[in-house]
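To start, the structure itself, in structure tokens.
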Amino acid sequence: MRKTRSAQTPIHMSSSEVRGANPLTLPSTEAERRSRRVFALFPLRSVTASVSVGAVRGTRVNEVRRRRQGADAALAMARPGQRSVQAALIVLCVAQLTAGLRCACQLCANRTCETAADGACWNSVMLVDGKEETDRSCLSPAEMKGQVFCYSSRNVSKRSCCFTDFCNNETLRLHPVSPEEPGWSRLQLALLILVPSCLLCVGVLAGVLLVQGHRCAYARACKQDPEEPLDDQVLMSPDKCLKDLIYDMSTSGSGSGLPLLVQRTIARTIVLQETIGKGRFGEVWRGKWRGEDVAVKIFSSRDERSWFREAEIYQTIMLRHDNILGFIAADNKDNGSWTQLWLVSEYHEHGSLYDYLNRYTVSVEGMVVLALSIASGLAHLHMEIIGTQGKPAIAHRDLKSKNILVKKNGTAVIADLGLAVKHDSTTNTVDIPSNHRVGTKRYMAPEILDETINMNSFESFKRADIYSLGLVFWELARRCSVRGLHEDFQLPYYDLVPSDPSVEDMRKVVCDQKLRPSVPNQWQSSEAMRVMGKLMRECWYANPAARLTALRVKKTASQLPVVRDVKD
Ligand SMILES: Nc1ncnc2c1ncn2[C@@H]1O[C@H](COP(=O)(O)OP(=O)(O)O)[C@@H](O)[C@H]1O
Ligand SMILES: [Mg+2]
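Each residue of the sequence shown is one higher than the last, beginning at 161 in the working numbering.
This is the structure in structure tokens:
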């Protein structure tokens, strides 16, 4: 059965009607496919399509002409015997050419249709509900003459007319929109604007988060002690003076000192001024930090253990006390060829008690203030404070006038904790292995000199400290001026041993001869001097257990009538 396009569709539909239809929402039932094909036949006007109507006709005529010329040429070349057969064949060919075309047809029986002469095969595809639907059929000459646009290539429809048998038996495909295709849809334009702007926003947001993340990580990294509630930037704000820093130290965090990074920052912004002292482990300098004086004890690299030990002791929890040198910072600075080990502390312009007493005499009141503050410092050092923020008992082991400093207000602080040992009360041991004889020989207790000291008892170390305290009190009392009378400054046993005595020199005097510094008679004329004399004798008993405790010395000194409230 022959079926042509004219039989299926009203092709003279107005283009405005067609334009109003939306191909994307067209119904997809078989009955409606025909009306869709009408849309395919009348798409929006296109220049290429209008040109192609004439081109289609021309192509068809040329092809027929070409076929006929080919048949004539074949006839002329054939031999006379075959001519009749060939003629018949040519007639058949020509008849075929003029008879029309056979085309693939989806809606026809046998899926085939035949066009009239000058007809064409039709093939189209269009997008319906997001799916491609094809249509193949025959196109009558009338349809060809009408407003049929055989060629179109849009993203929603594509059509073609062809002029050989079953030439429409191929599957047309809608191609994705190519960039050069004119006209952007609104959606595409919106995407074109939205996608880059969204990417930009996400980029900016990610950048901000990254910067914030870095800041937090930096803040966390700077916070070395997890219990430290103040951050280093707050601690190191430029308006902070030493007093504020020391106050922060004692009120915040673990109570053991400033965070290490703050310590290092302070140490590295100190400008050294002049040397003020020399001891066992190197030099002590006066330095300037933010316009304030600080003391810097510089250890040589071979004394690293001593530097570490002293810094460690100073940072013992709850050690800070009015009568213990105020520790500020420890720093180990590698300058390429050697390591500089610094210990920064509060600076006391009067220097050591040794220097002070060499230079000045003291009033009775001044003597008592000094004696009380030294005893208070030692009592704090010796005391164990129990609790989570507790402090172990500490023995100094090198108490002497050179290791006590005099503050501006006339009180004293105990310094040079490099030989100190801490008591572990749970195991009743000291925290470092201690050898028998450390400290300064002149101030060594008799039990140390003759090595009878019980190293297993921490009490022994405290008692040895008390012996030394008695000698310091003696040095101090000698310089007390009562009614204009005082003695010159002397070191203990100055009259009994050489200037740099050996242990043997000391042992002979202190242990064998049981000699002690002499207590002049005139000390009995003043109540304070009399108490001081009694205190020192009770501190340097040969029997360690008979000696006073630091707390007892403190109490006795505090009961002396001349003592006033000391304010900084
Ligand atoms: N904070 C300070 N302020 C003033 N002078 C100090 C200070 N610290 C130490 N000195 C001086 O330096 C000397 C040696 O200090 P010290 O800490 O005893 O060092 P060493 O461990 O070498 O004996 C002291 O006797 C004192 O004269
Ligand atoms: Mg010293």
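Virtual Cβ for every residue (Gly too), placed ideally from N, Cα, C.
- For residue 599, the Cβ stays outside the 7 Å cut-off from all heavy atoms of ligand 2.
- A heavy atom of ligand 1 is found nearer than 7 Å to the CB of residue 436.
- Distances from the CB of residue 649 to the heavy atoms of ligand 1 are all 7 Å or more.
- Here residue 574 is bridged, per DSSP, to 484 and 564.
- If you draw a straight line from the Cα of residue 420 to the Cα of residue 576, it comes to about 21 Å.
- Boundaries around residue 280 are those of the beta strand (DSSP E), 280-288, since no alpha helix (DSSP H) includes it.
- For residue 492, the three-state secondary structure derived from DSSP is strand.
- Cα atoms of residue 703 and residue 587: separation of roughly 26 Å, rounded to the nearest angstrom.
- Not one heavy atom of ligand 1 sits closer than 7 Å to the Cβ of residue 452.
- In the displayed model, residue 683 falls within a helix according to three-state DSSP.
- Beta-bridge pairing by DSSP links residue 453 to 448.
- Here residue 548 is exposed, its C-beta having fewer than 16 other C-beta atoms within 10 Å.
- Under the criterion of beta carbons closer than 8 Å, residue 693 and residue 700 do not qualify as touching, at roughly 12 Å.
- A distance of 8 Å or more separates the beta carbons of residue 501 and residue 445.
- The region 629-690 contains, as complete alpha helix (DSSP H) runs of 4+ residues, the segments 663-667 (chain order).
- Around the CB of residue 465, fewer than 16 other CB atoms lie within 10 Å, so the residue is classed as exposed.
- Distances between the C-beta of residue 519 and the heavy atoms of ligand 1 are all 7 Å or more.
- Sequence-distant partners of residue 463 (beyond 5 residues in either direction) whose C-beta falls short of 6 Å from its own C-beta, in its chain, are 441.
- Using a 10 angstroms sphere on the CB of residue 568, the tally of other CB atoms stays under 16, which defines it as exposed.
- Among the bridge pairs identified by DSSP, residue 502 is matched with 458 and 491.
- It is roughly 17 Å from the alpha-carbon of residue 259 to the alpha-carbon of residue 297.
- No Cβ-Cβ contact shorter than 8 Å links residue 424 with residue 517.
- Distances from the CB of residue 576 to the heavy atoms of ligand 2 include at least one below 7 Å.
- Between residue 695 and residue 625, the gap from beta carbon to beta carbon reaches 8 Å or more.
- Residue nearest to residue 599 within the set 659, 663 and 453 is 663 (criterion: CA-CA distance).
- The C-beta distance from residue 710 to residue 535 rounds to 6 Å, short enough to fall under 8 Å.
- When C-beta atoms of the region 612-628 are compared with those of the region 522-532, fewer than three pairs fall below 8 Å, so the two segments do not count as touching.
- Remark: the C-beta of residue 407 is outside contact range of ligand 1, defined as less than 7 Å to any heavy atom.
- Under a 10 Å Cβ-count criterion, residue 476 is classified as buried, with 16 or more other Cβ atoms of the shown protein chains found around its own Cβ.
- Residue environment analysis places residue 449 among the buried positions, since at least 16 neighbouring C-beta atoms fall within 10 angstroms of its C-beta.
- With 16 or more other CB atoms across the displayed protein chains lying within 10 angstroms of its CB, residue 484 is buried.
- Proximity of the beta carbon of residue 537 to ligand 2 is not indicated: no heavy atom of the ligand is located closer than 7 Å.
- Cβ contact annotation for residue 592 (same chain, cutoff 7 Å, sequence separation greater than five): 581, in chain order.
- Put simply, of 432, 286 and 627 the residue whose alpha carbon is nearest the alpha carbon of residue 453 is 432.
- For the pair residue 590 and residue 513, the CB atoms are not nearer than the 8 Å cut-off.
- CA-CA distance, residue 333 to residue 286, rounds to 9 Å.
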